[in-house]
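Heads up, the thing below is written out as structure tokens.
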Amino acid sequence: MSAPRGQFSSNIGFLMAAAGSAVGLGNIWGFPTKAASNGGAAFVVAYLFLAFALAYPALMAELTIGRYARRNMVQALRAISIGPVSRFFGGLTGFGGILVASLILSFYAIVAGWMVAHLAEPFAALFGAQEAVQWLTENSTQRNLIFTAIFSGLTMLIIASGVEKGIERWSTLLMPSLIILLLLLIAYVLTQPGAFTGLEVYLMPDFSHFTPKLLISAMGQAFFSLSLGVGTMLIYGSYLSQQESLPRLGALVTLIDVGIAFTAGLLILPAMYVAQEAGTQIFAADGALIAGPNLILQVLPALFDTMGEAGVFVAIAFFALMVIASLTSSISMLEVPVAFSIENLGIPRRIATPAVGLVIFAISSTIIYNFDSLFGLAVSISTEYGQPLLGIALCIFAGWIWRRDQLLSELKKGHEDIEHTLFWKIWPWYVRIVCPLLILVAFAQSIL
Ligand code: PFF
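To get our numbering, take the position in the sequence shown, counting from 1, and add 50.
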């Protein structure tokens, strides 16, 4: 027996939620950092191509299966299976998605916790609390535990209120603020000396940088950025009404995700060169990026400091933006195991949410206590191995296992003239052959 399902009250609500899931630390921090360390504009071109040629078709597989089955990933993949063997693998893939989504959330909440701490720091500085400032910016176990707990608690609060009151209302509120904040920060950074060097690196492709490594990196980024493989988009599709055109909504989500990543690059790359100009060592003499995964936390506070009084407010705006983007992604991750607990185990949402949330927080804490050995491992297992493997499985389910007539008729719902579109002629074959092959290549590369 399953609980009655929530539904988005409008396609705007769905768009905000799905785009909110896609847009996160991956876009605003990951994409610009990868672009900066992989040849700038050449990486941007590869990413843009792969986002539309690989990630969008894979996203369509998840949305179509989700809306047809109207269930979580475990039940959905079982529902479109035809025999006991594919049903078994459907269940297995679904469980894999739940595990990987939970694992991603467990490290994501730590990084998002850093953002919350850096959001608190300017307030401490305003009140002249020097000790607090230092504690907030130092990477200590205690600080990480507290701020991961705060971020996880916020995520649980939103998810506990359910689809319409929680996810939709919050995402509709948070997404536009995110875009406005980004544009304001870009306007500011472009007035600073050095910004245009960053802009040039970001926008003028030098195709001598075009290597297989760059392609693989761009492919992984596109995959992670659109929240693919773990059933997040499948769940959101399952809350979507049959009056909406899936290809159109999927394309919009992709455009918003890619658009925000691209816009974030317009902020971060110039900001790196502005900071370099102002005396912070960001690039080595040979042009290589010095800072690692904590680039933003090493570089941006230094940049904000060069802005005088205004720097405090810019810092607040920026880290608020990071927390907002992280929150609209983390709620989509938590919804994956929570929807499973509600629908398969019959646990009410108000109990399932804190129960699942606490288990994930326990994993986060384990990672925090063993940061050096576990953090990179969690990132690698979930995003480099988990997501591509699950992505292949989802494309195989959509392309090979699911009955063709059911797949096609689901696509037609809400999109009457679809048979005249290019999408209709290409996608059903594309998802069968090209998508699994492309992902397989990426997966093979990540093993090598
Ligand atoms: N797409 C998110 C980002 O770019 O930050 C990360 C993410 C969200 C991955 C949700 C997976 C997921 F299920």
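Just so you know, even glycine gets a beta-carbon here, dropped at the ideal spot from N, CA and C.
List the residues that DSSP assigns as beta-bridge partners of residue i.
i       : result
Leu-339 : Phe-333
Short of 6 Å in beta carbon distance, which residues of its chain neighbour residue i, apart from the five on each side in sequence? Order them along the chain.
i       : result
Ala-365 : Pro-172, Phe-354
Ala-68  : Tyr-286, Val-303
Phe-473 : Pro-297
Gly-281 : Met-123, Gly-147, Val-386
Ala-367 : Leu-231
Trp-479 : none
Ser-152 : Pro-387, Ile-410
Ala-443 : Thr-143
Leu-457 : none
Arg-137 : Arg-128, Ser-131
Gly-436 : Val-150
Gly-141 : Val-124, Arg-128
Pro-243 : Glu-327
Got a sec? Which residues, its chain only, sit under 8 Å from residue i by beta carbon, not counting five neighbours each side?
i       : result
Ile-340 : Gln-331, Ile-332, Phe-333, Ala-334
Asp-307 : Ala-69, Ala-72, Val-73, Asn-77, Ala-101, Ser-275, Leu-276
Ala-338 : Ser-87
Ala-159 : Thr-198, Phe-201, Ser-202, Thr-205, Ser-380, Ile-410, Phe-411, Ser-414
Ala-245 : Val-239, Pro-320, Ala-321, Tyr-323, Val-324
Val-406 : Ser-152, Leu-384, Pro-387, Val-388, Ser-391
Ile-483 : Gly-449
Phe-425 : Phe-157, Ile-160, Ile-417
Gln-292 : Arg-117, Lys-463, Gly-464
If you compare alpha carbons, which of the options is closest to residue i?
i       : options                            : result
Leu-195 : Glu-188, Ser-414, Ile-310          : Ser-414
Gly-358 : Phe-157, Val-251, Tyr-238          : Tyr-238
Ile-154 : Ile-451, Ile-381, Ala-86, Ile-442  : Ile-381
Ile-446 : Ser-432, Thr-433, Thr-471, Cys-485 : Cys-485
Pro-82  : Pro-351, Phe-368, Ile-346, Arg-453 : Ile-346
Leu-439 : Thr-143, Ser-295, Phe-64           : Thr-143
Leu-305 : Lys-84, Ala-105, Ala-129, Pro-478  : Ala-105
Gln-326 : Glu-188, Phe-312, Pro-351, Ile-310 : Pro-351
Glu-466 : Glu-294, Phe-99, Leu-284, Leu-232  : Glu-294
Leu-98  : Lys-475, Val-491, Ala-272, Glu-434 : Ala-272
Ile-374 : Leu-75, Gly-449, Asn-61            : Leu-75
Ile-489 : Leu-457, Leu-461, Thr-433, Ile-476 : Thr-433
Thr-187 : Ile-229, Leu-377, Met-165, Leu-316 : Met-165
Thr-313 : Ile-229, Gln-242, Gly-396, Ile-130 : Ile-229
Leu-233 : Gln-292, Val-251, Gly-315, Gln-180 : Gly-315
Arg-399 : Gly-436, Glu-250, Ser-211, Leu-408 : Ser-211
Ile-209 : Thr-403, Ala-108, Thr-241, Glu-181 : Thr-403
Ala-301 : Phe-177, Arg-453, Leu-109, Ile-431 : Leu-109
Val-251 : Asp-455, Trp-452, Ile-318, Pro-262 : Ile-318
Met-66  : Gly-178, Ala-119, Pro-226          : Pro-226
Ala-360 : Leu-235, Leu-224, Leu-371          : Leu-235
Val-481 : Arg-454, Leu-377, Pro-243          : Arg-454
Spatial neighbours of residue i within its chain, please: C-beta separation below 7 Å, excluding the five flanking residues on both sides.
i       : result
Ala-32  : Not covered by the structure: residue 32. The range shown for the chain is 51 to 498.
Gly-89  : Asp-256, His-259, Leu-264
Ala-311 : Asn-77, Phe-81, Ser-275
Ile-418 : Ile-160, Thr-191, Asn-194, Leu-195, Thr-198
Ser-156 : Ile-410, Ile-413, Ser-414, Ile-417, Ala-428
Val-349 : Met-322, Ala-325, Thr-330, Ile-332, Ala-341
Leu-284 : Glu-112, Ile-115, Gly-116, Met-123, Ala-126
Phe-369 : Met-165, His-168, Leu-169
Asn-61  : Glu-294, Leu-299
Lys-84  : Phe-93, Ser-267, Gln-271
Arg-477 : With the sequence shown as reference, residue 477 is identified as Trp, and Arg is not the correct amino acid for it. For Trp-477, where only same-chain residues beyond five positions count, the Cβ hits under 7 Å are Pro-107, Met-110.
Ile-451 : Ile-130, Ser-131, Ile-132, Ser-136
Val-182 : Per the sequence shown, residue 182 should be read as Ala rather than Val. The answer, listed in chain order, is Ala-174.
Lys-119 : In the sequence on display, residue 119 carries Ala and not Lys. Within the same chain, Ala-119 has close Cβ partners Gln-125, Ala-126, Ala-129, Ile-130, Ser-288.
Ala-494 : none
When every heavy atom of the ligand SAM is checked, does at least one fall within less than 7 Å of the C-beta of residue i?
i       : result
Leu-233 : Although the ligand SAM was asked about, the structure shown includes only the ligand PFF as ligands.
Handout entry: Shell residues, 6 Å Cβ cut-off relative to heavy atoms of the ligand PFF
Key = Residue selection by CB proximity (closer than 6 Å to any heavy atom of the ligand PFF) returns Ser-71, Ala-72, Gly-74, Leu-75, Gly-76, Asn-77, Ala-151, Ile-154, Phe-274, Ser-275, Ser-277, Val-280, Thr-282, Ser-379, Ser-382, Met-383 in chain order.
Practice task
Counting only runs of 3+ residues fully inside the stretch 77–142, write out the beta strand (DSSP E) ranges in chain order.
Solution key: none
Handout entry: Uninterrupted alpha helix (DSSP H) stretches inside the stretch 279–338 (no shorter than 4 residues)
Key = 282–288, 296–327
Exercise for the section: Please list the segments of the alpha helix (DSSP H) lying wholly inside the stretch 398–452, counting only runs of 4 or more residues, in order along the chain. Expected result: 399–419, 421–429, 437–446
Practice task
Ignoring anything shorter than 4 residues or poking outside the stretch 224–283, list the alpha helix (DSSP H) runs there in chain order.
Solution key: The qualifying runs are 245–253, 262–275.
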